[in-house]
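A.B. asks:
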Amino acid sequence: MNFDLTEEQQMLNDSLRRFVTNEYGFEKRGEIISSGAGIDKATWANFAEMGLLGFTFPEDYDGLGGNAIDTMVVMENFGRGLVVEPYLATVVLAGGLIRDAGNEAQKADILPGIASGERLLALAHNEPGARYNLSQVKTTACKDGADFLISGQKTAVLHGGQANQLIVSARTSGNVNDESGLSLFLVDRNAKGITVDDFATHDGHRTAEISLSNVTVSADNLIGTVDEAFPAIEKAVDLGIAALCAEAVGAMEAMNAATLEYIKTRKQFGTPIGKFQVLQHRMADMFIQTEQAKTMAILAASEADSDDRARRREAISMAKTLVGQAARYVGQQGVQLHGGMGVTDEMFAAHLFKRLTLINLLFGDADHHLAQVSDGLLAKTA
Amino acid sequence: MDLNYTPEQEAFRAEVRQFLDDNLPDDIRERVQKRLRPDKAMTERWQKILFDKGWGASTWPEEFGGTGWDPIQQIIFEEECALAGAPRQLDFGLRMVAPVIMTFGNDVQKQRFLPGILSGEDWWCQGYSEPGAGSDLASLRTSAKREGDHYVVNGQKTWTTLGQHADWIFCLVRTSTEGKPQQGISFLLIDMNTPGIEVRPIIMLDGEHEINEVYFDNVKVPAENLIGEENQGWTYAKFLLGHERTGLANVGQWKAMMKRLKEVAYQEQDGQRPLIENTRFRDRLAQLDAELRALELTVLRVLTDKRGPGPQASILKIRGTEIGQQLFEMLMEAGGQDAIAHIPEALELDYNGPRAGSIDATPSAGDYFNMRKLSIFGGSNEIQRNIIAQLVLGL
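Residue numbers (the working numbering), protein chains in the order written: chain A, 1 to 382; chain B, 1001 to 1395.
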């Protein structure tokens, strides 16, 4: 039992902290967002050089053999600086999925490309109406000779418009909500029959609505076994949730720092407003919430790589519940304590608030995950 | 970073569990698990059993007869004790005055006082709060005037928990009115059998006698019972409060309570279904379960931090007491209307009379009322927020 970062992780943490402070400032970030590209090529190349893009891949595939704790260190810093590049989409979700469920040829083909920064991938799984239900997939993949024909609609595909390749989930058998009967396919972004609508998100990231109409995919682009993709999807999403929890912690710490600075300097009634006890206690509660969230982000990262499904899912859902609640509290109160400035576009706090809000909505909000924990209690009676 | 216990730690846990299986008397276990009225003899008996094993003080270094365990071992020990139904050891001696004596006392004081705390022979209570000095502790007025080789103490302490059993009280007394209020305070150890001391009960809202007022009327205290230096008592007092706060997180006991609460939720009926199938109740239980997990890991994170807990211990006090209060509240609510009957005699071990509802419902409302104290004592949770704002955030 220990909570210490390794020496390497500490070094990584230090250098990322320097990076977001010195090289990813508010204006630079604003320029990246308004370019509409969803990614700054120089920044991405920098990440590749630092080894971040293959951090959790095996060394055989140009990775560093890291784990979810390493991802936590990266994401906490990205949260602190509100980095908008598709790290979650490409490295954590898609990269994690290929690493855990891909075959030799797929790993050899894709992982070095992600690690070098040349390839961007996205996970196209979520569908309209599924909300946070991971097994609800209406998109179908039908056998067509040696190939599959995929048709359906995907929504909220993170950085789907920037990806060269999509990992698409589709139903190969069973009913709409069944966990069995799902399969995963690698689909080229420019394949015939794909339409991608690329949108900005409120927090400066990108999202895509993707429709597939009889898209032909060859059998060697099947990831894993037909009908049995659900555990891999769930695992990838859990890795993503753990990463988001860490990102939220970084953003909350940044929010607390910005708010603290503001209430120490902003004067009203002839005194810094931080002298008022009502604001001091609010700030103390923001701090408590953040510390609790940090603990839970550590728990999530510690369990995210585990193949013990029940244990992993309980930890992930407990973490996302408390982190989501904390993100909401710290986000809202951070804006509140900034007063009128808090609702302007020029304040970093406003941007932190938007990211914290959207993190709660991604892959299950606090209510959804609380229900998971709650139903887990029920399962234990049986 | 690794949140799993090491094989050595797991082996230690097994050893503690085995010891508890073999040595925790059944009547004590029953009394604790049914949440019956605490009993002085029970606490003393259990302390003696631990003392004989060499485990009398899980948080002390070996040189004073403690176990010398690291923070993780201490937590494992506490948790196993709570889960087994062992009574909580008396904090006032072991966790509060003892660290002060070890750190600021002289050798004579160490030799005189620590053995009695360790064996459980001496029962200690705390003389901090006064009627006019609660959260504003530094405004205390109980005075100690030096006369030859004695101090003469006059004044009144209040909220003295279990003072009715105490052999000794550690007191903050005013030895000077010069300068800031914090500057004239001294830390004095007083024998409760000294003439001029009177203990009067305060009955709490659950009808129980747990706390007291202690009056001092020209009480002569030997000057050798002064800890450290005169007028430096505030430093020692704050040191003690830091130790108290960490203990107040109380994770082991809350984990045992959570286990019981879940069992009750499975057993209690809500119409034609077990209570656990009531979604609203279960969701709140799940929320609390997650918060307790966060508390448990945060305690481990803070206690294993090489920089030491510091003012961040206030987080543990706030969250620990909030979670504890919610556990007792839900345990009461689990009983529903069965919780309304007040049957004080049913809090004794040999009670065989009628009761309203289940055995868990009997103490539940009384416990709930009693536990409102948690967010008030040890520095109210509002004071803790002041501490965080000032010492952690620099506001």
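Where is the CB? At the ideal position from N, CA and C, for every residue including glycine.
With which residues is A:Gln390 paired in a DSSP beta bridge?
C.D. replies: Any answer about residue 390 of chain A is impossible in this case: the structure gives chain A only from 1 up to 382.
A.B. asks: One question on the structure: do A:Gly117 and A:Ile110 come within less than 8 Å of each other, judged by their Cβ atoms?
C.D. replies: Cβ atoms of A:Gly117 and A:Ile110: not closer than 8 Å.
A.B. asks: Taking the beta carbon of B:Glu1348 as the centre, do at least 16 other beta carbons fall within 10 Å, making it buried, or is it exposed?
C.D. replies: Classification for B:Glu1348: exposed.
A.B. asks: Ordered along the chain, which non-local residues of its own chain (more than five positions away) have a Cβ less than 7 Å from that of B:Ala1166?
C.D. replies: Excluding residues within five positions, the ones whose Cβ falls inside 7 Å are Trp1123, Trp1124, Cys1125 and Met1192.
A.B. asks: Report the residue from B:Ala1265, B:Glu1062 and B:Gly1184 whose alpha carbon sits nearest the alpha carbon of B:Asp1360.
C.D. replies: Closest by alpha carbon: B:Ala1265.
A.B. asks: Is DSSP giving B:Pro1222 helix, strand or coil here?
C.D. replies: Strand at B:Pro1222.
A.B. asks: Nearest-angstrom Cα distance between B:Gln1267 and B:Phe1012?
C.D. replies: C-alpha separation (whole angstroms): 33 Å.
A.B. asks: Just curious, the beta strand (DSSP E) that B:Gly1134 is in, first and last residue?
C.D. replies: Note, B:Gly1134: premise wrong, no beta strand (DSSP E); not H, not E.
A.B. asks: Bridge partners of B:Arg1146, per DSSP?
C.D. replies: DSSP output for B:Arg1146 lists B:Tyr1151 as bridge partner(s).
A.B. asks: For B:Leu1241 and A:Glu303, what's the separation of their Cα atoms in angstroms?
C.D. replies: One C-alpha to the other measures close to 35 Å.
A.B. asks: Using 8 Å as the threshold, is the stretch 52-72 of chain A in touch with the stretch 120-135 of chain A, meaning 3 or more CB pairs across them?
C.D. replies: Segments in contact, no.
A.B. asks: So is A:Val168 in contact with chain B if we call contact Cβ pairs under 8 Å?
C.D. replies: Output row for A:Val168: interface = no.
A.B. asks: For the alpha helix (DSSP H) holding A:Trp44, just list the boundary residues, first then last.
C.D. replies: Per DSSP, A:Trp44 belongs to the alpha helix (DSSP H) from Lys41 to Met50.
A.B. asks: As a quick exercise: from B:Lys1157, B:Ala1057, B:Thr1103 and B:Glu1062, pick the residue whose alpha carbon is nearest that of B:Gly1120.
C.D. replies: Answer by Cα proximity: B:Ala1057.
A.B. asks: For a contact defined as C-beta to C-beta under 8 Å, what are the partners of A:Phe269 on chain B?
C.D. replies: Going along chain B, no residue has its Cβ under 8 Å from A:Phe269, so there is no contact; the nearest lies around 16 Å.
A.B. asks: Could you have a look at A:Thr306 and say whether DSSP puts it in helix, strand or coil?
C.D. replies: In the sequence as presented, Thr is not what sits at residue 306 of chain A; that position holds Ser. It is coil, neither helix nor strand.
A.B. asks: Taking contact to mean at least 3 C-beta pairs separated by less than 8 Å, is the stretch 157-171 of chain A in contact with the stretch 191-199 of chain A?
C.D. replies: Yes, the stretch 157-171 of chain A is in contact with the stretch 191-199 of chain A.
A.B. asks: Would you mind telling me which residues of chain A sit closer than 9 Å to B:Asn1004, beta carbon to beta carbon, in chain order?
C.D. replies: Correct list: Met1 and Ser302.
A.B. asks: State yes or no: is the C-beta of A:Met296 within less than 8 Å of the C-beta of A:Cys245?
C.D. replies: A contact, by the Cβ cut-off of 8 Å.
A.B. asks: Do the stretch 238-258 of chain A and the stretch 330-337 of chain A meet, that is, are 3 or more Cβ pairs less than 8 Å apart?
C.D. replies: Counting Cβ pairs under 8 Å, three or more are found: they touch.
A.B. asks: According to the neighbour-count rule (16 or more other Cβ atoms, all chains shown, within 10 Å of its Cβ), is A:Ile39 buried or exposed?
C.D. replies: So A:Ile39 counts as buried.
A.B. asks: Can you look up A:Gly364 in the DSSP assignment and give me helix, strand or coil?
C.D. replies: Of the three classes helix, strand and coil, the one that applies to A:Gly364 here is coil, per DSSP.
A.B. asks: Which chain A residues are close to B:Asn1386, counting only those with a beta carbon under 9 Å from its beta carbon?
C.D. replies: In chain order: Gln277, Gln280, His281 and Ala284.
A.B. asks: Give the DSSP-derived three-state secondary structure of B:Phe1051 in the structure shown.
C.D. replies: Here B:Phe1051 sits in helix by DSSP.
A.B. asks: In whole angstroms, what is the alpha-carbon distance linking A:Val73 and A:Lys138?
C.D. replies: Spanning the two alpha carbons is a distance of roughly 36 Å.
A.B. asks: My output table needs one value for A:Val83: the three-state DSSP class, helix, strand or coil.
C.D. replies: A:Val83 falls in the coil class under three-state DSSP.
A.B. asks: Taking the alpha-carbon positions, what's the B:Trp1254 to B:Leu1327 distance?
C.D. replies: Distance between the alpha carbons of B:Trp1254 and B:Leu1327: 8 Å.
A.B. asks: Under a three-way DSSP split, which group does A:Gln165 fall into?
C.D. replies: DSSP places A:Gln165 in strand when its eight states are reduced to three.
A.B. asks: Let me confirm a value: A:Asn77 is counted as buried when at least 16 other C-beta atoms fall within 10 Å, else exposed. Which label applies?
C.D. replies: Classification for A:Asn77: buried.
A.B. asks: Buried or exposed: which applies to B:Cys1081, given that a residue is buried once 16 or more other Cβ atoms fall within 10 Å of its Cβ?
C.D. replies: Looking at its Cβ environment, which holds 16 or more other Cβ atoms inside 10 Å, B:Cys1081 is buried.
A.B. asks: At the 8 Å Cβ level, is A:Lys138 part of the contact set with chain B, yes or no?
C.D. replies: It does not: the Cβ of A:Lys138 has no partner Cβ on chain B nearer than 8 Å.
A.B. asks: Would you mind sorting A:Thr21 into buried or exposed? The rule is 16 or more other CB atoms within 10 Å of its CB.
C.D. replies: A:Thr21 comes out exposed.
A.B. asks: For B:Pro1274, which three-state DSSP category applies?
C.D. replies: Note: B:Pro1274 maps to strand in three-state DSSP.
A.B. asks: Please check if any C-beta of chain A sits within less than 8 Å of the C-beta of B:Gln1287.
C.D. replies: By this cut-off, B:Gln1287 is an interface position.
A.B. asks: Could you check if B:Phe1396 is buried or exposed, using at least 16 other CB atoms within 10 Å of its CB as the buried criterion?
C.D. replies: This structure does not reach residue 1396 of chain B, given that chain B is present from 1001 up to 1395, and the question cannot be answered.
A.B. asks: If you draw a straight line from the alpha carbon of A:Val83 to that of A:Tyr24, how long is it in whole angstroms?
C.D. replies: Distance between the alpha carbons of A:Val83 and A:Tyr24 is about 8 Å.
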